[in-house]
Amino acid sequence: NNKANPFPGKVFNNPKHQDVYHDVPKDYVGAEVTPETFVKVLLGDSELENAGKKVLKSGPNDHVFIFFDDHGAPDLVAFPKTYLYGEKLAETLKKMHADNKYSKLVFYIEACEAGSMFDKLLPTDINIYATTASNPKESSYAYYSDTEVKASLGDEYSIHWMENAETASDTTTLQEQYEYTKAQTKMSHVMQYGDLSI
Numbered sequence: 244n245n246k247a248n249p250f251p252g253k254v255f256n257n258p259k260h261q262d263v264y265h266d267v268p269k270d271y272v273g274a275e276v277t278p279e280t281f282v283k284v285l286l287g288d289s290e291l292e293n294a295g296k297k298v299l300k301s302g303p304n305d306h307v308f309i310f311f312d313d314h315g316a317p318d319l320v321a322f323p324k325t326y327l328y329g330e331k332l333a334e335t336l337k338k339m340h341a342d343n344k345y346s347k348l349v350f351y352i353e354a355c356e357a358g359s360m361f362d363k364l365l366p367t368d369i370n371i372y373a374t375t376a377s378n379p380k381e382s383s384y385a386y387y388s389d390t391e392v393k394a395s396l397g398d399e400y401s402i403h404w405m406e407n408a409e410t411a412s413d414t415t416t417l418q419e420q421y422e423y424t425k426a427q428t429k430m431s432h433v434m435q436y437g438d439l440s441i
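As numbered in my numbering, residues 244 to 441 make up the sequence shown, in order.
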């Protein structure tokens, strides 16, 4: 309900103006959205769970998908008030692997310099595949500029992979989606890291 939003309480991610906010459960909002909380959610923190909050309760047979979208800079992604650094993310993912929190994990990041969150940090032997909107040294770019909303409704990389996911067959591989998204994303270099066999 930001006063700059001409459609209060609504969020659009494409020119059709379908509200993608209203019916979506919001487990963490406002001041709760921090790097510390994000890490605790991924690690299945019992304190948060005991407080009635949702955490990741996955195990060794589960496939986990994480999508993160915000601003970024070299070796960090932004949260509303602070940052998550690449080393902390890598440490968290390694702990998830050690704790058998997944069989396979897929991580997509939309942010400027997003590749720096995984480049030289994400091991190739912990069953994690990651793809990013940009390499470690470049910006990613907005997409679907909307004159009614007076803002862009998404980012080039995210829009392309999401729209591909909505129309692709159930047999489309991550590599096929990566190749499609890479070809469609003209303003930055879509990257992939980790275990490319997933």
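Every residue, glycine too, gets a C-beta built ideally from N, C-alpha and C.
When secondary structure is reduced to three states using DSSP, V320 falls in the strand class. Between the beta-carbon of S377 and that of C355 there is about 6 Å, and that keeps the pair under the 8 Å contact cut. Looking at the backbone, the Cα of A373 and that of W404 are separated by about 13 Å. Per the DSSP secondary-structure output, D389 pairs in a beta bridge with A394. When C-alpha distances from H314 are compared across K331, T375, T416, K338, the shortest belongs to T375.
Distance from the Cα of E275 is smallest, within the candidate group L286, S440, K297, for K297. E422 and N293 have their C-alpha atoms spaced approximately 42 Å apart.
For the options G287, F308, F310, the alpha carbon positioned closest to that of L299 is the one of G287. Per the C-alpha coordinates, the member of V349, K425, Q427, L365 positioned closest to I441 is V349. M434 is bridged by DSSP to T375. As summarised for the stretch 401-431, the continuous alpha helix (DSSP H) elements at least 4 residues long and confined to that stretch are 417-427, given in chain order.
Within the model, the alpha-carbon separation for E391 versus S382 is close to 25 Å.
Exclusion of the five residues before and after A316 leaves C355, E356 as the residues of its chain whose Cβ lies within less than 7 Å of its Cβ.
Going by DSSP, V282 is part of the alpha helix (DSSP H) stretching over 278-285. For the set Y328, S301, A333, the Cα lying nearest the Cα of Y345 is the one of S301. Runs of the beta strand (DSSP E) lying entirely within the stretch 307-359 and spanning at least 3 residues, in chain order: 319-321, 326-328, 347-353.
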